[in-house]
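Encoded as structure tokens, the structure appears first; notes follow it.
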Amino acid sequence: MADLKEVKDITLPDEEIIELRANFISYFGRAIMEKLDQKTMLDQIVKWGNQSGEFASNLGVSLSEALEDTTYYRTFIWEVLKEEIKKQNMSIDTVFELSSIIDPLLDKAVFAFSLTYVNIHHET
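According to our numbering, the residues represented by the sequence shown are 765 to 888, in order.
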């Protein structure tokens with residue numbers, strides 16, 4: 765999500781914002797490390813997207829500002845993975861396997877976030 769303190773005069777502590785972001789990133793780590801089945805991970809990421817979309821909508825954060833951070837999340841995740849891929853000398857097959865886990869989860873999170881945000885916006 766966009767830096768919520770800059771978007772609106774919101775009194776969220778930095779720790780809470782960091783926790784929201786860290787929780788989101790942790791889903792990707794768990795998907796890779798715990799090798800959870802795709803349905804379980806998609807269910808968890810949709811739940812996160814729904815809660816975050818509602819949260820951002822209730823705060824009055826614009827959808828475009830909130831979605832702008834998607835690029836930062838994707839870049840951060842792949843930068844960390846790139847370092848590990850190099851360290852571990854992983855095969856191209858492994859890289860594609862990682863991509864088949866990460867990208868659908870991020871896409872699903874953005875979809876759930878957006879859908880919830882728009883639905884709440886329409887309701888209000």
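Ideal placement from N, C-alpha and C gives every residue a C-beta, glycine not left out.
Here the structure is a predicted model, which is why all the values come from computation and not from measurement.
Among the options, which has the Cα closest to the Cα of residue i?
i: residue 713; options: 830, 875 and 868; result: No statement about residue 713 is possible, as the shown extent of the chain runs from 765 to 888 and does not include it.
i: residue 863; options: 781, 792 and 788; result: 792
i: residue 875; options: 815, 790 and 795; result: 815
i: residue 865; options: 879, 850, 841 and 884; result: 841
i: residue 873; options: 855, 795, 813 and 826; result: 813
i: residue 879; options: 788, 783 and 818; result: 818
i: residue 887; options: 821, 853 and 849; result: 821
i: residue 839; options: 789, 780, 779 and 782; result: 789
i: residue 785; options: 850, 855, 870 and 837; result: 837
i: residue 811; options: 853, 882, 849 and 877; result: 877
i: residue 823; options: 781, 871 and 870; result: 781
Tell me the residue span of the alpha helix (DSSP H) that contains residue i.
i: residue 793; result: 778–797
i: residue 810; result: 802–823
Does residue i get closer than 7 Å to chain B when you measure Cβ to Cβ?
i: residue 854; result: Here chain B cannot be found, since the structure has a single protein chain.
Practice task
Report yes or no: do the region 856–873 and the region 837–846 share at least 3 C-beta pairs separated by less than 8 Å?
Solution key: yes
Exercise for the section: May I ask you to verify whether the region 815–832 touches the region 792–802, counting CB pairs closer than 8 Å and requiring at least 3? Expected result: no
Exercise for the section: Jot down the residue ranges of each uninterrupted alpha helix (DSSP H) in the region 824–871, minimum 4 residues, whole runs only, in chain order. Expected result: 827–852
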